[in-house]
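As you go down the protein sequences, you meet chains A, B, C and D in turn.
If you're matching positions, the first sequence starts at 184 in our numbering and goes up one per residue.
If you're matching positions, the second sequence starts at 184 in our numbering and goes up one per residue.
If you're matching positions, the third sequence starts at 29 in our numbering and goes up one per residue.
If you're matching positions, the fourth sequence starts at 29 in our numbering and goes up one per residue.
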Amino acid sequence: MTTETTEVAKDLSAAQRQELLRQMILIRTFEAAILREYHADKSPGFDIGKGLIPGEMHLSAGQEPVAAGLCAHLESGDALTATHRPHHLAIAKGMNLRALAGEIFGRESGLGHGRGGHMHLFDPATHFSCSGIVAEGFPAALGQAFAFQRAGTRNIAVAVAGEGAANAGPFHECLNLAALWKLPVIFVIEDNDWGISVHRSASTSVPSNAVRAAGYGMPGVRVENNDVEAVHAAVGEAVVRARAGNGPSLIEIHTLRLWGHFEGDAQGYRPELAEVPDRDPIPAYEKQLRDAGILTDADLAEMTAWAGTQVDDAVEHAKAAPTPNPAEALKYVFVEGAQS
Amino acid sequence: MTTETTEVAKDLSAAQRQELLRQMILIRTFEAAILREYHADKSPGFDIGKGLIPGEMHLSAGQEPVAAGLCAHLESGDALTATHRPHHLAIAKGMNLRALAGEIFGRESGLGHGRGGHMHLFDPATHFSCSGIVAEGFPAALGQAFAFQRAGTRNIAVAVAGEGAANAGPFHECLNLAALWKLPVIFVIEDNDWGISVHRSASTSVPSNAVRAAGYGMPGVRVENNDVEAVHAAVGEAVVRARAGNGPSLIEIHTLRLWGHFEGDAQGYRPELAEVPDRDPIPAYEKQLRDAGILTDADLAEMTAWAGTQVDDAVEHAKAAPTPNPAEALKYVFVEGAQS
Amino acid sequence: MSISTSAAAAAQMSLPVEPDAGSRRLNTAKALQEAIGSQMEKDPSVFVMGEDVAAYGGIFSSTTGLLERFGPERIIDTPISETAFIGLGIGAAVEGMRPIVELMFVDFFGVCMDQIYNHMAKIHYESGGNVRVPMVLMTAVGGGYSDGAQHSQTLWGTFAHLPGMKVVVPSNPYDAKGLMTAAIQSDDPVVYMFHKGVMGLAWMAKNKRSIGAVPEEDYVVPIGKAKVVREGTDVSIVTLSLSVHHSLDVAEKLEEEGINVEVLDLRSLVPLDREAVIATAAKTGRVIVVDEDYQSFGLSGEIAATITEHDPALLKHFSRVCVPDVPIPYAHELEYAVLPTAARIEAAVRKAATA
Amino acid sequence: MSISTSAAAAAQMSLPVEPDAGSRRLNTAKALQEAIGSQMEKDPSVFVMGEDVAAYGGIFSSTTGLLERFGPERIIDTPISETAFIGLGIGAAVEGMRPIVELMFVDFFGVCMDQIYNHMAKIHYESGGNVRVPMVLMTAVGGGYSDGAQHSQTLWGTFAHLPGMKVVVPSNPYDAKGLMTAAIQSDDPVVYMFHKGVMGLAWMAKNKRSIGAVPEEDYVVPIGKAKVVREGTDVSIVTLSLSVHHSLDVAEKLEEEGINVEVLDLRSLVPLDREAVIATAAKTGRVIVVDEDYQSFGLSGEIAATITEHDPALLKHFSRVCVPDVPIPYAHELEYAVLPTAARIEAAVRKAATA
Ligand SMILES: Cc1ncc(C[n+]2csc(CCOP(=O)(O)OP(=O)(O)O)c2C)c(N)n1
Ligand SMILES: Cc1ncc(C[n+]2csc(CCOP(=O)(O)OP(=O)(O)O)c2C)c(N)n1
Ligand SMILES: [Mg+2]
Ligand SMILES: [Mg+2]
């Protein structure tokens, strides 16, 4: 059941392909803005707790093909759970950018009123959630899929995590349970080669997590080359399967961590560092669409401008929003009653 | 890499085959004695906390082929980690029967001076340990194998657990890590069809755990029919591999839980209950050896008598031993210093 | 994900709060099953999931008979994958269902605590109140029958220390039903810890109060309200769960000698009824905490802090009868040396009374 | 499995106990690395294992430079499989090695707690003293830099509550080296919790005491001994870790106003130096516990219980400056509203002084 899919889907329309690029540009624009704002006021030196955006910051630049190719198939009623590196997926799933930026800036306007932060995004509108604990985001997807299944809807749940997460126990428990109960779930592994400083060859006993799918009796596919259209094709099959009630699938996507694990990571452990920028998937996809004759300079300028406007609006809105009231720090521990 | 091995090894000598039977008889005799003593004084009614042997009691009758076939390959310096159902493996590994019985009876003479009990047997002499937490016995074997590897010995570690445990996260983490670091470990799954009242078909998404081995890049074998000689053969290959530094293997053995999950389990959930006794592996192996002309009535009588003597001695010794001194209940929390 | 509009909360409002017990007698296990069954009948979003909860009926009979009534779609056996299925419960709760998930023994929390304390308990807060997790995590606690260090713990202190989950611990059939009903209807995650020794199981030593009067109708015991189960003036015992019964036994015995013991059954740990704790301390000035959890860094300390930060002058005496900081030993003689037995409680009360 | 003959224990005996600090100054991270490096040189059975401990040198610099000195056979990066590799450490310790295993953030305990509390901590007891687990579990704790609810906790109360493991929490470079040396040489499992904020990291706000004098030679700070880091007569602050520094800052400030604050740095939670706690309570009668862990059911309660069970009359005042029972919020303003800041400590001391 394990096969390698690198072929480009034949049936994507020009509009669909443009839309994939547009999503990728939007995500990158957002991440670039966060990068800028994050570092803007941490100097002199670098103090992680300082500035408009304090704390750990895991940006997803380079992994846009996963988010764009995947979310093109999802409806707002479908669920998506992600990890400590969630922005690309949140954006592609349709999260309100102001709410997302507000949360990253820790404002009262944020998705979680500043309580959660960038690793803890919970959005009822898009059924999006994430977890800062590696591999512990998987189980929520099972429960969402279970609820959808019991409610008789066609909705599905998608759980995304890194290749590092695929060596953690919950990966195994969740794949088994999803397959056993034929839950409408798709497991997506973003293989960006690295779990912080540990290369996948030093963490994973097999060359591809796709081969692990057979151990659960589900289809397993690996997508190479960080190829958004191949992602789209692979996910498409899994979505059909899941919506039809035929159970879960596992898809591993070979993608790229363009920047450090978190901001401030000098990546001294990364031998291929110098060549990383050459593997940026966005210029490559731009070129591909240009070569195919479906992207003009004007198209690109429009997309870039559009993305800039969206992101600027979100960032400006966040910066202008009030910070949370310290007197309300204990609000939201419980729904009912005061805390003990 | 997944194959089914049901073939009988050709090269077992008559003496070896007799020895396998002898071990199985010793184990069964021990378990029958514990069964008798356990229930002796729990009536009227059944009070789990009462009697000479209080507490949960998970007996291994029916699973002797696993222990005998496996431990025939092990040296005293090899490590073995087991589960809540550990007696057969402890005995086959060579644990002192008096120490084992003493611990089950909760006596000061017991292996753990009555602190541990039947699910918590730790024996430096045989490098045996077990855990009452499902699947949490696996990791210890990695560590023992690691220590053996670093010390440059030829010793190996074996981790045994039930088919129910193979759906728990530690199974996955440990197989990956063992394969990655080529640790001298063998993972043995005792598939007795049941995890308490849950049949393997209701817990496991694939028909055989052996297929899961491929997901770690290690050999995976399933042994059918609770066949002690097939166990011996399969383990033999894995032992050679591990001692040679070629890394871990996974072996699943289809075995039989002859009695309840624990004593007191009425097994109302078990449809095949009436036929279970017919599948007892010990009479079957006796017949096999008789048919092969290598077991006489006299041989069997001698083995039975020998086992009875061993077990009677252990049980009598335990019953005669002093109970632990309540004033010493806090002894052994720490090696150094009083507890806080 | 959805914020369940509080049909459930409204229903809860309309239920009687601690009505008269009436005369029908049940054991704790049956009272618990009754609460679950009744709520399942009223609310199709309630389901039960865990190991051996279906055909087996729960190892400690928390779900006996429910499979027959509700079928395998709602009473669901799981693989031994606690992280996966507790997490599944969380995900389902986030989508508006009301899962009751059983962790067979609380001792197994270590294989799934991340889901419990980093997810179930924190999502509502992290989401700024936008996402609710109306889930019950039900689990068996306690020792006394030689089940060893990995199957005899209570660990309520561990759960109560970590914010975002309510923690309830019934000691008798009446509270078991009322607290389970309240837990299912709560929009917050509730950890429901039942002691094996209060369930009234046929195969375990029973204490006389594991059978008691339980109303047939639905009702709630409010989460966060302790109960003075015996009034007294000389010494206060602050306790919960099985230890309530040992404490009452001791109180009855010492009454004959003129030592008048008040017994406070906490019933909930989170929220903790601090007013009730302070009230009993103010009344007697002599407080003993009886706790089957490990002594240090747990419940007993929290009681001391609650009183002393209110007013240290209230206390003439404070002592604890807990499990000293030792893994629960297997051998009967050793286990009963560390459990908070009636004998240890009695000795502590005598000492307190003369302090 | 073997009982390591106590070469190590003998070595420990011969090491100086809390020698003069001398004049060489290091930050806490370097002091910690030095302790590990020195013990690794002397004892080939010591090794370090964890996520990103090799090339990265530990996310919080606990192992910087060790890979270069000891190579990948002894400084070992792992997959993200905490249960497997912590359990591996236990198994190796059981066979006589002395692993130092890093759990990157203590917040991740929920994915591997079973190995820690049901195995590492209980094997020695369950084996009736026949099997030792001489292992160090090293982990980063604490918040203050907006890392959110899953990466900012201290959780020492959770570990200290569960029996069978020692728990140490250094607040400064000198103690960090001495406690790590003691932990490695201990035949018991030791949980070593370092606060990110005391390490002296280049990329995190430093407090002035994260650099301090550290002897070059090996020495031990005995596990289980608290230290009065500032003598005082009016109010006692009982605290640990980063909060020691905030408390000292407050004490220095209030000294000018004539409020004389004693600060007790617990340094170990298990064993807890109850004598030192009682001594300071006896001295001032006014006790404030400053604790970056969650307030309820934790350390602060244990301090209250320790004093009151000794003699409730000692206390004229007891209060707590802890993290209230709330997940650690992300936004800076909210996080600093719940952390035990100098401002909160100061207010508490002023109140205590007049109580
Ligand atoms: C259980 C757990 N262990 C460790 C960590 C620390 N950690 C955060 S991200 C990370 C690496 C994750 O690698 P991968 O899954 O490949 O995701 P990526 O960062 O590459 O997107 C680690 C070890 C954690 N958050 N949770
Ligand atoms: C983590 C954990 N979950 C649940 C249990 C309760 N339990 C004890 S044995 C058992 C069934 C184990 O089944 P299997 O692994 O097949 O072993 P068997 O009993 O068949 O030998 C369960 C669920 C436990 N001890 N630990
Ligand atoms: Mg990665
Ligand atoms: Mg089984």
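Glycine included, every Cβ here is placed at the ideal spot set by N, Cα and C.
For valine 371 (chain A), the first and last residue of its enclosing beta strand (DSSP E): 368-374
Distance CB(glutamine 178 (chain C))-CB(valine 169 (chain C)) smaller than 8 Å: no
Any 3 or more C-beta pairs closer than 8 Å across the stretch 136-144 of chain D and the stretch 333-345 of chain C: As far as the Cβ criterion goes, the stretch 136-144 of chain D does not touch the stretch 333-345 of chain C, which means the pair count is below three.
Cβ-heavy atom distance, alanine 251 (chain B) to ligand 1, below 7 Å: no
Interfacial residues, the stretch 172-188 of chain D to chain A, with Cβ spacing under 8 Å: Gly172, Tyr173, Ser174, Asp175, Gly176, Ala177, Gln178 and His179
Any non-hydrogen atom of ligand 2 within 7 Å of asparagine 375 (chain B) CB: yes
Partner residues on chain C for lysine 150 (chain D), Cβ-Cβ distance less than 8 Å: For lysine 150 (chain D), the residues of chain C that pass the 8 Å Cβ criterion are Ala177, Gln178 and Pro355, in the order they occur in the chain.
Cβ pair count under 8 Å reaching 3, the stretch 280-300 of chain A against the stretch 355-370 of chain A: no
Chain B residues whose Cβ lies nearer than 8 Å to that of glycine 157 (chain D): His296, Lys514, Tyr515 and Val518
Threonine 266 (chain A): CB within 7 Å of a non-hydrogen atom of ligand 1: Within the cutoff, so yes.
Buried versus exposed call for glycine 252 (chain B) [16 or more other C-beta atoms within 10 Å across all chains shown]: Counting every other CB atom within 10 Å of its CB across the protein chains shown gives glycine 252 (chain B) a total of 16 or more, marking it as buried.
DSSP bridge partner residues for lysine 194 (chain D) (one or two, in chain order): D:Val218
Rounded separation between arginine 295 (chain C) and alanine 59 (chain C) - CA only: One C-alpha to the other measures close to 16 Å.
N-terminal and C-terminal residue of the alpha helix (DSSP H) that methionine 208 (chain D) is part of: 201-213
Cβ-based neighbour list, alanine 223 (chain B), same chain, cut-off 6 Å, excluding 5 preceding and 5 following: Sequence-distant partners of alanine 223 (chain B) (beyond 5 residues in either direction) whose C-beta falls short of 6 Å from its own C-beta are missing from its chain.
Glutamate 245 (chain D) (DSSP reduced to helix, strand or coil): coil
Proximity of glycine 378 (chain B) and serine 386 (chain B) at Cβ, strictly below 8 Å: Their beta carbons are under 8 Å apart, which means glycine 378 (chain B) touches serine 386 (chain B) by this criterion.
Methionine 77 (chain D) versus glutamate 446 (chain A): straight-line alpha-carbon distance, rounded: Cα to Cα, the separation comes out at about 25 Å.
Under 7 Å from the C-beta of phenylalanine 229 (chain A): neighbouring residues of chain D: Trp231
Partners in chain D for histidine 303 (chain B), counting only beta-carbon separations shorter than 7 Å: Glu154
Where leucine 517 (chain A) falls: helix, strand or coil (DSSP): According to the sequence displayed, residue 517 (chain A) carries phenylalanine and not leucine. Reduced to three states, the DSSP call for phenylalanine 517 (chain A) is coil.
Heavy atom of ligand 1 within 7 Å of glutamine 296 (chain B) beta-carbon: The sequence given here has histidine at residue 296 (chain B), not glutamine. No, ligand 1 has no heavy atom inside 7 Å of this Cβ.
Run of the alpha helix (DSSP H) containing tyrosine 364 (chain C), from where it starts to where it stops: 360-366
Per-residue DSSP class, three states only, for valine 164 (chain C): strand
Methionine 486 (chain B) beta carbon less than 8 Å from that of leucine 204 (chain B): yes
Best match in C:Asn55, C:Glu244, C:Ser66 and C:Pro355 for proximity to aspartate 175 (chain C) [C-alpha to C-alpha]: C:Pro355
Amino acids of chain B, ordered along the chain, whose beta-carbon sits closer than 7 Å to that of proline 352 (chain C): Leu513
Interfacial residues, the stretch 456-487 of chain A to chain B, with Cβ spacing under 7 Å: Of all residues in the stretch 456-487 of chain A, none has a Cβ within less than 7 Å of some Cβ in chain B.
Closer than 7 Å at the beta carbon, the chain B residues around arginine 395 (chain A): Gly398
Cutoff 8 Å: isoleucine 434 (chain B) Cβ touching any chain C Cβ: no
Beta carbon proximity, proline 509 (chain A) to chain D, threshold 8 Å: yes
Minimum Cβ-Cβ distance from threonine 387 (chain B) to chain A less than 8 Å: yes
Members of the stretch 400-421 of chain B near chain A, C-beta cut-off 7 Å: Gly400
Validate contact between the stretch 278-288 of chain C and the stretch 225-238 of chain C using beta carbons, cut 8 Å, 3 pairs: no
Chain B within 8 Å of aspartate 139 (chain C), Cβ atoms only: Note that residue 139 (chain C) corresponds to valine in the displayed sequence, not to aspartate. Output row for valine 139 (chain C): interface = yes.
Close Cβ partners of threonine 111 (chain D) (< 8 Å) along its chain, the five nearest in sequence each way excluded: Closer than 8 Å at Cβ, skipping near neighbours: Val139, Cys140, Asp142 and Gln143.
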